[in-house]
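Accompanying notes for the structure given below.
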Amino acid sequence: MALGICWGRRVSGSRRLECVEEVDDPRVVEETMRLINEFMIRVERHRAVLLSESATPFDNAINALGNWLQRVKAKIGEGNDEGIANLRRAMLDIGKEMLRLLKRARERWLSTYRQELEELINKLRSGGTKIIISGEPFDKDKSFTARLYTDGLAIEMARVAGSGSITMQISLTGLRGINVVVPKLFSGNRLRAMQCGLLLTDGSIDEEGYPKMGTTQLWQAIAWLTAWPGKNRMRISGLGINDGDVGVTWQLRATDHRGVFKSKSDVAEEAGRLGDEEFPTFTLYAVLGDGDVNIKKKRVGLTMGKSKLGLWRNAIKRLEGLGFRLGSDNGYAVAYTVWTSKAVELARKMLGDKTVKALIEDLAQLPDAEKPRRLMALAGMEPKHLAGHQSRLPA
17 MALGICWGRR VSGSRRLECV EEVDDPRVVE ETMRLINEFM IRVERHRAVL LSESATPFDN
77 AINALGNWLQ RVKAKIGEGN DEGIANLRRA MLDIGKEMLR LLKRARERWL STYRQELEEL
137 INKLRSGGTK IIISGEPFDK DKSFTARLYT DGLAIEMARV AGSGSITMQI SLTGLRGINV
197 VVPKLFSGNR LRAMQCGLLL TDGSIDEEGY PKMGTTQLWQ AIAWLTAWPG KNRMRISGLG
257 INDGDVGVTW QLRATDHRGV FKSKSDVAEE AGRLGDEEFP TFTLYAVLGD GDVNIKKKRV
317 GLTMGKSKLG LWRNAIKRLE GLGFRLGSDN GYAVAYTVWT SKAVELARKM LGDKTVKALI
377 EDLAQLPDAE KPRRLMALAG MEPKHLAGHQ SRLPA
C-alpha cells in the first residue's frame with residue numbers, strides 16, 4: 017500500500033491542514049502507518065454502524081434519548097417541589113433539541129457521510145489518498161497525528177502524549193447547530209460551583225472568551241447545559257471511534273456567559289473561594305469530569321495532570337478537608353482519593369442539595385451514565401469503616 021504522506025501546516029481561515037512537504041523517511045512512514053492500520057481495524061470492528069446502508073452511529077443515542085425523555089416527562093408531576101419540576105421541564109426541552117440534532121445527523125450520514133467514508137477506505141487500500149501528519153513521530157512524550165480528508169469528513173488519528181494510546185475522531189462538516197435557551201435552575205453560588213467544576217476538568221474557555229465543552233456522553237451534555245442558564249450553542253461535531261464503541265461528539269458553548277471567566281486561573285481562584293455549602297457541588301462536577309467512583313472498594317478519586325497542580329493548589333486544600341489524600345502518581349498525572357466511610361460521606365455531601373440530587377438521579381437513567389449511577393449507589397451505602405480497608409488509607 018503506497019500512500020502519499022506529507023507534513024501539514026495550518027491554513028488561515030480553515031480548520032484543515034495543507035501539505036507542505038512530502039515524507040520520505042521510512043521511520044516516519046512506519047509510525048504513520050501504525051495510526052492508519054489502527055483506524056482500519058476500528059472501522060472494520062464497527063462496520064455494522066459505520067458502513068451499513070440502514071444502521072447508523074446515531075441510532076443508539078436516538079433510542080436511548082427517546083426512552084429517557086419518556087421517563088422524564090412521566091416524572092414531572094411527581095411530588096410537590098416546583099424547583100425539581102422546573103428542572104425536569106428544562107431537561108425535557110434540552111433532550112428534545114438533542115434528539116432533533118441526532119435525527120438530522122442520521123439522515124445526513126445515510127445520504128452523504130457513509131458513502132464518503134466507504135470511498136475513503138477503498139482509496140486507503142489502493143493507495144489513492146493523501147495522509148497529512150503533524151507532531152512528533154518519535155518522541156512518545158509528545159503527540160503525533162495523522163489526518164484524512166473528504167468533502168464532508170475530517171478524520172484525525174492521534175497518539176496521545178505520554179500514554180501512547182490512540183484516539184480517533186471523525187469530524188462532520190455541514191451539520192448546523194442550534195441555540196438552546198435554559199432557565200436558571202439553581203442558585204447563583206450553586207451554579208458557580210457547577211461551572212467551576214466543569215471548566216477545571218472537561219470544559220475550557222475558547223479564544224473568544226466563551227465557556228465550552230466537547231463530550232460523547234449524553235448525560236454530560238445535559239449536565240453542562242443545566243449549569244449555564246441563558247442561550248447555549250449546541251451542535252454535533254462528529255464521532256469518536258474507540259475500541260469499544262462509536263460515540264456521538266457534542267460541542268457546547270455557553271453563549272450568554274462570554275467573559276465570565278478570563279482563564280482557568282480565574283476559575284481555580286473562584287473555586288477556592290466557594291463556601292462550605294457549595295464546595296461539595298464543585299467536587300461533584302469535578303469528579304463527574306476527571307474522577308472515578310468505585311463501589312466495590314468504596315472509593316472516589318480525582319485525577320489531575322501534574323502540570324495543573326499549581327492551578328489546583330487552593331482547591332486541593334479544600335479537597336483534603338473533605339478527606340482526599342494524594343494517591344497514585346504515574347509521572348504525568350496524580351490521583352487524589354477518598355476511601356471507605358469518608359467516600360460514602362463525600363458522596364452524600366455531593367448530593368446534599370435536593371435539586372442537584374434529582375438531576376443526578378435522572379441523568380443516571382441514561383445508558384451511558386455509569387459514573388452518576390455509581391455515585392448514587394455509593395451514597396446509598398452504609399458508611400461503615402471495614403477493617404480490611406484500613407490498610408489502604410494513607411498514613
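For the sequence shown, position 31 matches number 47 in this note's numbering, and the numbering has no gaps at all.
Using N, Cα and C, we set each Cβ at its ideal position, and we do this for glycine too.
Query raised in the report: What three-state label does DSSP hand Pro199 in the structure shown?
Result: For the purposes of this step, residue 199 is identified with residue 183 of the sequence shown, where counting begins at 1. Pro199: coil per DSSP, three-state reduction.
Query raised in the report: For Met229 versus Gly213, is the C-beta spacing smaller than 8 angstroms?
Result: Here residue 229 is taken as the residue at index 213 of the sequence shown, counted from 1. Here residue 213 is taken as the residue at index 197 of the sequence shown, counted from 1. Contact: no.
Query raised in the report: In whole angstroms, what separates the C-alpha of Tyr348 from that of Val196?
Result: Residue numbering aside, residue 348 sits at position 332 when the sequence shown is read from its first letter. Residue numbering aside, residue 196 sits at position 180 when the sequence shown is read from its first letter. Going by the C-alpha atoms only, they are around 37 angstroms apart.
Report task. Compute the Euclidean distance between the alpha carbons of Asp75 and Cys22, then round it to the nearest angstrom. Result -> Reading the sequence shown from its first residue, position 59 is the one you call residue 75. Reading the sequence shown from its first residue, position 6 is the one you call residue 22. Going by the C-alpha atoms only, they are around 36 angstroms apart.
Report task. Go through its chain and collect everything with a Cβ distance to Phe160's Cβ below 6 angstroms, but skip five positions before and after it. Result -> As a working note, residue 160 is residue 144 in the sequence shown. Gly151, Glu152, Pro153, Arg175.
Query raised in the report: Of all the options Leu318, Asn330, Lys322, Ala363, which has the alpha carbon lying nearest to the alpha carbon of Arg341?
Result: Within the sequence shown, the letter at position 325 stands for residue 341. If we check each option's Cα against that of Arg341, Leu318 comes out closest.
Query raised in the report: Straight-line CA distance for Met392 to Ser344?
Result: The count along the sequence shown starts at 1 and reaches residue 392 at position 376. The count along the sequence shown starts at 1 and reaches residue 344 at position 328. Distance between the alpha carbons of Met392 and Ser344: 25 angstroms.
Report task. Report the residue ranges of all alpha helix (DSSP H) runs contained in full by the region 282-308; include only those spanning at least 4 residues, in chain order. Result -> Considered as a whole, the region 282-308 harbours 295-306 as its complete alpha helix (DSSP H) runs of no fewer than 4 residues, in chain order.
Requested in this report: Determine the burial state of Asn79: buried for a count of at least 16 other Cβ atoms within 10 Å of its Cβ, exposed for fewer.
Outcome: As a first step, residue 79 is located in the sequence shown; it is residue number 63 there, counting from the start. By the 10 Å Cβ count, Asn79 comes out exposed.
Query raised in the report: Do you know offhand how far Glu135's Cα is from Gly143's?
Result: Taking the first residue of the sequence shown as 1, we reach residue 135 at position 119. Taking the first residue of the sequence shown as 1, we reach residue 143 at position 127. Distance between the alpha carbons of Glu135 and Gly143 is about 12 angstroms.
Query - Closest by C-alpha distance to Arg206, when choosing among Pro245, Glu398, Ser187 - result: Taking the first residue of the sequence shown as 1, we reach residue 206 at position 190. Residue Pro245 is the option with its Cα nearest to Arg206.
Query raised in the report: Since Trp235 sits in a beta bridge, which residues does DSSP pair it with?
Result: By one-based count along the sequence shown, residue 235 stands at place 219. Paired residue(s): none; Trp235 is not in a bridge.
Query raised in the report: Secondary structure at Lys228, three-state DSSP: helix, strand or coil?
Result: Here the question's residue 228 lines up with position 212 in the sequence shown. Correct three-state label for Lys228: strand.
Query raised in the report: Glu224 and Arg192: beta carbons closer than 8 angstroms?
Result: By one-based count along the sequence shown, residue 224 stands at place 208. By one-based count along the sequence shown, residue 192 stands at place 176. No, the pair does not count as a contact, with Cβ atoms beyond the cut-off.
Report task. Output the distance between the C-alpha atoms of Ala101 and Phe202, rounded to the nearest integer angstrom. Result -> As a first step, residue 101 must be located in the sequence shown, where it is residue number 85. As a first step, residue 202 must be located in the sequence shown, where it is residue number 186. Going by the C-alpha atoms only, they are around 13 angstroms apart.
Query - Ala64 burial status per 10 Å Cβ neighbour count (16 or more: buried) - result: Indexing the sequence shown from 1 puts residue 64 at position 48. Counting Cβ neighbours within 10 Å, Ala64 comes out exposed, since fewer than 16 surround it.
**Report entry** Nearest-angstrom Cβ-Cβ length linking Phe298 and Leu304, presumed shorter than 8 angstroms
**Finding:** On the sequence shown, position 282 is the one that residue 298 refers to. On the sequence shown, position 288 is the one that residue 304 refers to. Not really, about 11 angstroms apart at Cβ, beyond 8 angstroms.
Requested in this report: Could you tell me which residues DSSP pairs with Phe160 in its beta bridges?
Outcome: Your numbering for residue 160 matches position 144 in the sequence shown. Partner(s): Gly151, Arg175.
Query raised in the report: Counting pairs of Cβ atoms below 8 angstroms between the region 42-57 and the region 245-255, do you hit three or more?
Result: no
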